[in-house]
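Colleague:
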Amino acid sequence: ASKEQGLDFKSLQFQYLYLTELEDGKNSCSVLRTTLKEAVKELSSSLDRFQEFKEQTNGNSDDYISVGRQYVLDNVNYWLFARKSRETCGIDVVTILYFYRDDCDACSNQGVILSYFKNLFGDKLLVFPIDAGLEQEEPVVEILLNRFNVTKYPTIIVENKKFEGVVWTDNLKEIICPYFKNESSC
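Mapping to this note's numbering: the sequence shown position 48 is 48, numbers consecutive.
1) Kindly give me the distance between the Cβ atoms of Lys156 and Val94, rounded to whole angstroms, as I take these residues to be in contact under 8 Å.
2) Would you call the segment 116 to 129 and the segment 137 to 152 in contact, with 3 or more CB pairs under 8 Å?
3) Terminal residues of the continuous alpha helix (DSSP H) containing Glu174?
4) Who pairs with Lys161 in a beta bridge, going by DSSP?
5) Return the CA-CA distance between Gln56 and Tyr64, expressed in angstroms with no decimal places.
6) Measuring CB atoms only, is the segment 81 to 98 touching the segment 121 to 141, in the sense that at least three cross pairs come out at less than 8 Å?
7) Could you tell me which of Val127, Cys104, Tyr179, Cys186 sits nearest to Leu238, measuring between CA atoms?
8) Quick one, which of Asn182, Asp131, Ile143, Tyr179 has its alpha-carbon nearest Ser227's?
9) Who does Phe99 pair with in a DSSP beta bridge?
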């Protein structure tokens, strides 16, 4: 699974580089849409692998940390790709970075609310969980925590706007909906 993830990551890096170098915007955007759709599927598989591994190890091993780091890197990679897709091609998606810690009791509430909206909006809402507990092991986590000045958990970043503490259902819908171009669920 690790070799496969490495190949997927290299493939996505190449696709990103290729798409940013293309001069024909129409062609690059159609490829970008397809690639983003595949990336979302891969991220879902990555989450399943991470959750399964977490249950098996109880979060207490070096292997767990490696798998957790890989999951964080997958999330950040796909988050950047989704932002580029939105910016370059106007793809109608909303991205949310979700910072949590295992020792945060309120984080599970935010997780349930985000899952509700993920089910409601499907692939148009992309949620990228970031385990802030991996800050010491994964430099990218530290970079993101500093970039967004995250000091409380849970914290969500909706299209570069930070919200600390649990953002409840009604408030989150008001935050998310203006970013969609066309969304009947709003």
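The beta-carbon is built from N, C-alpha and C at its ideal position, and this holds for glycine as well.
Modeller: Quick answer:
1) According to the sequence provided, residue 156 is Ile. The question's Lys does not apply to it. Between Val94 and Ile156 the Cβ distance is about 11 Å, and since that is not below 8 Å, they are no contact.
2) no
3) 169 to 176
4) Val158
5) 9 Å
6) These segments touch.
7) Lying before the first or after the last residue shown, residue 238 is absent from the chain, which here runs from 1 to 186.
8) There is simply no residue 227 to check, as the chain begins at 1 and stops at 186 in what is shown.
9) According to DSSP, which records beta bridges pairwise, Phe99 is partnered with Ile130, Thr155.
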